[in-house]
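J.: Structure in structure tokens, see below.
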Amino acid sequence: MPTPAPTGPLVTRDSLATQLRLLGVASGDTLLVHSALSRLGWVNGGPVAVVQGLLDAIGPDGTLVVPAHSGNLSDPALWSRPPVPEQWWERIRATMPAYDPRTTRSHGVGVLPETVRTWPGALRSAHPHTSFAAVGPRAAQVVEGHAHDCRLGERSPLARLEELGARVLMLGTDYDTCTGFHLAEYRLPAPLVPVGRPAPGGGWETLTEVSITSERFDELGHDFERDRPVLRGRVGAADTRLFPLADAVGYARRWLALHRSRAEEPPSGGDPAPAAPAPGERT
1 MPTPAPTGPL
11 VTRDSLATQL
21 RLLGVASGDT
31 LLVHSALSRL
41 GWVNGGPVAV
51 VQGLLDAIGP
61 DGTLVVPAHS
71 GNLSDPALWS
81 RPPVPEQWWE
91 RIRATMPAYD
101 PRTTRSHGVG
111 VLPETVRTWP
121 GALRSAHPHT
131 SFAAVGPRAA
141 QVVEGHAHDC
151 RLGERSPLAR
161 LEELGARVLM
171 LGTDYDTCTG
181 FHLAEYRLPA
191 PLVPVGRPAP
201 GGGWETLTEV
211 SITSERFDEL
221 GHDFERDRPV
231 LRGRVGAADT
241 RLFPLADAVG
251 YARRWLALHR
261 SRAEEPPSGG
271 DPAPAAPAPG
281 ERT
């Protein structure tokens, strides 16, 4: 059976940079990017060309930031996509490799963050579940000081990005991926939950973290876009949004206080429930 011809549009490094500038991305921007490469169209050069186009759009004075999360370094008792046999749990906990910002692959956030993580000069934050990777003159300022017991709160890159006036670029993704909304969760009363992970020196550790969930983020995003200025356009075939992170955090804090009940908080504190690593994920 013949291989079907690729569907367009054809996206190149230059066309992507041009469309990003037309949307409103500016030279010198600090940009937190959430992306779905498959929604762009046929990209000549794949994720490398996309990163190049993003860096072209923000210029040498801009800083590119992506979530480089590794939620697979988590308690196997919480895995659901797919679950693993309960008799494996203790052995998995005992043998799971510890987080290393240089070598631990990002997981569950798409191919673009992994490309940025391995980009020449990229820096990565220290949290073993919710790290961020950054390239550009403000990279160190963004990623330094990410506390091991603060996934997405005041001692995370999200708070540094807010201080720096960063903007969020949602490149083909929906609001359920908007990590900035989680910073608002930390600024509201929230339950604390135990979170397990491999310890830096070997073995297993359990820390206390704020419970987070993206439950209803799609509704929150809909209302945010209705009430606040959000730049919208197409980059390739992807619906794309651009807005200030601080604006999104402030709106989310008010919205969540009104619309989310304690009953909606997940007992595990995981968001979403971690997936088991795919075969070969650790290679």
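Mapping to the UniProt record's numbering: the sequence shown position 237 is 237, numbers consecutive. We put the CB at the ideal spot given by N, CA and C, even for glycine. Nothing here was measured: the structure is a model prediction, and the numbers come from that model.
What would DSSP say about LEU16, mapped onto helix, strand or coil?
T.: Within the sequence shown, residue 16 is the residue found at index 16, counting from 1. Residue state, collapsed to three classes: helix.
J.: State buried or exposed for GLY8, treating a residue as buried only when at least 16 other CB atoms are found within 10 Å of its CB.
T.: Sequence index remark: in the sequence shown, residue 8 carries index 8 (1-based). Flag for GLY8 reads exposed.
J.: Just to confirm my understanding: we take ARG13, look at its own chain, exclude 5 residues before and 5 after, and list those with CB closer than 6 Å. What are they?
T.: The residue given as residue 13 occupies position 13 in the sequence shown. Result list for ARG13: ALA49, GLN52, GLY53, in chain order.
J.: Among LEU123, LEU158, HIS129, ALA122, which residue has its Cα nearest to the Cα of TYR186?
T.: Your numbering for residue 186 matches position 186 in the sequence shown. Here the closest residue by C-alpha is LEU158.
J.: Helix, strand or coil for SER35 per DSSP?
T.: Taking the first residue of the sequence shown as 1, we reach residue 35 at position 35. SER35 falls in the strand class under three-state DSSP.
J.: Are ALA238 and LEU171 closer than 8 Å when you measure CB to CB?
T.: Here the question's residue 238 lines up with position 238 in the sequence shown. Here the question's residue 171 lines up with position 171 in the sequence shown. Yes, they are a contact pair.
J.: Measure the beta-carbon distance from ARG124 to SER70 and round it to whole angstroms, keeping in mind my assumption that it falls under 8 Å.
T.: On the sequence shown, residue 124 is found 124 positions in, with the first residue counted as 1. On the sequence shown, residue 70 is found 70 positions in, with the first residue counted as 1. So it is not a contact: roughly 10 Å between Cβ atoms.
J.: Which residues bound the beta strand (DSSP E) around ASP149?
T.: Indexing the sequence shown from 1 puts residue 149 at position 149. Neither: ASP149 is in no beta strand (DSSP E) and is coded neither H nor E.
J.: Going by CA-CA distance only, name the one from LEU256, HIS107, PRO6 that's closest to residue 289.
T.: Within the shown structure, residues of the chain are numbered from 1 to 283, placing residue 289 beyond reach of any answer.
J.: Does the stretch 199-214 touch the stretch 19-28, meaning 3 or more C-beta pairs lie closer than 8 Å?
T.: No, the stretch 19-28 does not touch the stretch 199-214.
J.: Quick check on HIS69: does DSSP put it in helix, strand or coil?
T.: Residue mapping note: residue 69 aligns to position 69 of the sequence shown, counting from 1. Coil.
J.: Flag this pair as yes or no: are the beta carbons of residue 294 and LEU20 separated by less than 8 Å?
T.: As shown, the chain starts at 1 and ends at 283. That puts residue 294 outside it, with no answer to give.
J.: Within the same chain, show all residues whose beta-carbon is closer than 6 Å to that of THR130, passing over the 5 residues directly before and after it, in chain order.
T.: For this step, residue 130 is matched to residue 130 along the sequence shown. Counting only Cβ-Cβ distances below 6 Å, and skipping sequence neighbours, we find HIS69, ARG151, LEU152.
J.: Do you know how far the Cα of TRP42 is from the Cα of PRO6?
T.: To locate residue 6, count along the sequence shown from 1; it is residue 6. To locate residue 42, count along the sequence shown from 1; it is residue 42. Computed Cα separation, rounded: 7 Å.
J.: Looking at C-beta atoms only, is the number of pairs between the stretch 113-122 and the stretch 87-100 that lie closer than 8 Å three or more?
T.: The stretch 113-122, when compared against the stretch 87-100, does not touch it at the 8 Å Cβ threshold.
J.: At 3 residues or longer, what runs of the beta strand (DSSP E) sit wholly inside the stretch 203-257?
T.: Entirely contained in the stretch 203-257, the beta strand (DSSP E) runs reaching 3 residues are, in chain order, 204-210, 231-235, 238-244.
J.: Alpha carbon to alpha carbon, how far is THR173 from GLU163?
T.: What you label residue 173 is simply residue 173 of the sequence shown in a count that begins at 1. What you label residue 163 is simply residue 163 of the sequence shown in a count that begins at 1. Distance between the alpha carbons of THR173 and GLU163 is about 24 Å.
J.: Check the C-beta distance from LEU31 over to GLY62 and give it rounded, since I have them as a contact under 8 Å.
T.: Residue mapping note: residue 31 aligns to position 31 of the sequence shown, counting from 1. Residue mapping note: residue 62 aligns to position 62 of the sequence shown, counting from 1. Yes, they are in contact, since the Cβ atoms of LEU31 and GLY62 sit about 7 Å apart, within 8 Å.
J.: Report back the beta-carbon spacing between ARG232 and ARG226 to the nearest angstrom; my notes put them in contact at under 8 Å.
T.: Looking up residue 232 in the sequence shown gives position 232. Looking up residue 226 in the sequence shown gives position 226. About 12 Å separates the two Cβ atoms, so there is no contact after all.
J.: Please report the distance separating the alpha-carbon of ALA166 from that of VAL33.
T.: For this step, residue 166 is matched to residue 166 along the sequence shown. For this step, residue 33 is matched to residue 33 along the sequence shown. Going from the Cα of ALA166 to the Cα of VAL33 covers about 10 Å.
J.: Whole angstroms is fine: what's the gap from VAL193's alpha carbon to HIS148's?
T.: As a working note, residue 193 is residue 193 in the sequence shown. As a working note, residue 148 is residue 148 in the sequence shown. Approximately 14 Å between the Cα atoms of the pair.
J.: So with Cβ pairs under 8 Å, would you call ASP56 a contact of chain B?
T.: The chain inventory of the structure shown lacks chain B, comprising one protein chain alone.
J.: Using C-beta distances below 6 Å, list every residue in its chain close to PHE243, excluding the 5 sequence neighbours before and after it, in chain order.
T.: Locating residue 243 in the sequence shown gives position 243, where the first residue counts as 1. VAL168, VAL230.
J.: What does a CB cutoff of less than 6 Å around ALA36 pick up in its chain, not counting 5 residues either side in sequence?
T.: Here residue 36 corresponds to residue number 36 of the sequence shown, with the count starting at 1. GLY172, THR173.
J.: Can you grab the Cα-Cα spacing for the pair VAL109 / CYS178, in whole Å?
T.: Reading the sequence shown from its first residue, position 109 is the one you call residue 109. Reading the sequence shown from its first residue, position 178 is the one you call residue 178. Cα-Cα distance, rounded: 11 Å.
J.: Label GLU264 either buried or exposed according to how many other C-beta atoms from any shown protein chain fall within 10 Å of its C-beta, with 16 as the threshold for buried.
T.: Counting from one through the sequence shown, the residue named residue 264 turns up at place 264. Note that GLU264 scores 49 on pLDDT, short of 50, meaning its location in the model is unreliable and no value can be drawn from it.
J.: Would you mind giving the Cβ-Cβ distance between residue 300 and HIS146, rounded to the nearest angstrom? I have them listed as a contact below 8 Å.
T.: Here the chain has residues from 1 to 283 only, and residue 300 is not among them.
J.: Does GLU107 pass the burial test, meaning 16 or more other C-beta atoms within 10 Å, or should it be called exposed?
T.: Here the question's residue 107 lines up with position 107 in the sequence shown. In the sequence as displayed, the identity of residue 107 is His instead of Glu. Buried, since its Cβ has 16 or more Cβ neighbours within 10 Å.
J.: Take LEU245 and list the residues in its own chain whose beta-carbon comes closer than 7 Å to its own, dropping the five residues that flank it on each side.
T.: Taking the sequence shown and counting its residues from 1, one reaches residue 245 at position 245. So the qualifying residues of the chain are LEU32, LEU161, GLU162, ALA166, ARG167, VAL168, GLY180.
J.: Can you have a look at GLY121 and say buried or exposed, based on whether 16 or more other CB atoms are within 10 angstroms of its CB?
T.: As a first step, residue 121 must be located in the sequence shown, where it is residue number 121. GLY121 comes out exposed.
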